[in-house]
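Residue numbers (my numbering): 1 to 161. Beta carbons: idealized from backbone N, C-alpha and C, even for Gly.
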Amino acid sequence: MTQSVSTVLLWFAAIGCGMMAGLYFAFSTFIMTALGRIPQAHGMSAMQSINTTILQSLFMPLFWGTTLAALALAGLALFRLGETAATAMLVAGILYVVGMFVCTVIFNVPLNNALDAVDPSGADAAAVWARYLKDWTFWNHLRTVASAAASALFVVALVAR
């Protein structure tokens with residue numbers, strides 16, 4: 001029973017982390033650049049809309065589901081350290097939870113909240129937007145790498161079983 005549950009969790013985590021990596025990759029490689037190239041008020045308004053819309057989309061169940069799966073797999077790995085796949089599961093789980101989830105909560109969400117609090121045509125908008133583009137994108141790069149690496153390690157764990 002535990003073996004089949006961990007197999008389902010591994011498949012879900014491998015695919016889910018890969019999907020998250022793809023989304024973050026898109027933001028890191030062209031979406032943020034495109035938003036930075038259009039007039040500031042338009043870029044800010046677009047990102048504010050994205051930040052509101054994403055919270056009401058299928059992104060959220062995937063975000064929470066992959067985080068919980070990664071935590072569960074890391075926990076299971078601690079009880080199976082002698083097994084071949086356990087190290088990959090443990091490292092992937094920790095990498096994903098810290099590199100994606102913790103990074104999101106500590107860095108990206110507060111930046112989103114700060115952006116949301118600013119009127120795109122206000123006096124302080126330019127400074128907030130410049131900081132947002134630089135800092136949010138930096139932390140998003142980390143989320144991209146952590147998600148992709150976790151996905152790959154969950155696949156390694158599947159193959160090693």
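The DSSP-derived three-state label of L81 is coil. Taking 9 Å as the cut-off, the Cβ atoms of Y96 and A34 do not count as close. Assignment of I38 by DSSP, reduced to helix, strand and coil, places it in the coil class. By the Cβ test, the stretch 133-143 is not in contact with the stretch 68-76, since fewer than three Cβ pairs between them sit closer than 8 Å. The C-beta distance from F12 to T144 rounds to 20 Å, too long to meet the 8 Å contact threshold.
Runs of the alpha helix (DSSP H) lying entirely within the stretch 50-135 and spanning at least 4 residues, in chain order: 59-78, 86-96, 109-116. When rounded, the separation of the alpha-carbon atoms in A86 and W64 is 22 Å.
Under a 10 Å Cβ-count criterion, G43 is classified as buried, with 16 or more other Cβ atoms of the shown protein chains found around its own Cβ. The beta-carbon distance between T53 and A160, rounded to whole angstroms, is 39 Å. This is too long to meet the 8 Å contact definition. DSSP, reduced to helix, strand and coil, places R143 within a helical segment of the structure shown.
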